[in-house]
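Asks: The structure is given below, and queries will be raised subsequently.
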Amino acid sequence: MTKENCLIVRAAGKQLDLLRGEASRIAKAANVGWWTDRAEIGTRFCFEDPKSKESFALTCDSLGITCQEG
Numbered sequence: 129m130t131k132e133n134c135l136i137v138r139a140a141g142k143q144l145d146l147l148r149g150e151a152s153r154i155a156k157a158a159n160v161g162w163w164t165d166r167a168e169i170g171t172r173f174c175f176e177d178p179k180s181k182e183s184f185a186l187t188c189d190s191l192g193i194t195c196q197e198g
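Per the numbering used here, the very first residue in the sequence shown carries number 129; after that it's consecutive.
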């Protein structure tokens, strides 16, 4: 599993649940896979394509949740 289409977010609890739901919705719409991994400073969300990663980054921004390349 490559980490080229991944973002690291710092969220917990309901925020993290919300992000998982959004990641699932974005990946399903694009017909691609996605997964999460633990990161040193948060949770890494990875997608099979860069467009899904970009959509997820925009979602994070709109929710006021910081994300970084990871």
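By construction, the Cβ of each residue, glycine as well, lies at the ideal position given by its N, Cα and C atoms.
These numbers come from a predicted model, not from an experiment.
#1: Could you tell me the alpha carbon to alpha carbon distance between T164 and F173, rounded to whole angstroms?
#2: If you compare alpha carbons, which of E150, K156 and G161 is closest to I193?
#3: So what's D177 in DSSP terms, helix, strand or just coil?
#4: Among all the DSSP beta bridges, which residues are the ones paired with Q196?
#5: Note the first and the last residue of the continuous alpha helix (DSSP H) segment covering I154.
Replies: Concretely, from the data shown:
#1: Here residue 164 corresponds to residue number 36 of the sequence shown, with the count starting at 1. Here residue 173 corresponds to residue number 45 of the sequence shown, with the count starting at 1. Spanning the two alpha carbons is a distance of roughly 5 Å.
#2: Against the sequence shown, residue 193 aligns to sequence position 65. Selected option, being the one with the closest Cα: E150.
#3: Here residue 177 refers to the residue found at position 49 of the sequence shown. Note: D177 maps to coil in three-state DSSP.
#4: Walking along the sequence shown from the start, residue 196 turns up at place 68. Answer by DSSP bridge pairing, in chain order: I136.
#5: Numbered from 1 along the sequence shown, position 26 holds the residue referred to as residue 154. Where I154 is concerned, the enclosing alpha helix (DSSP H) stretches over G141 to A158.
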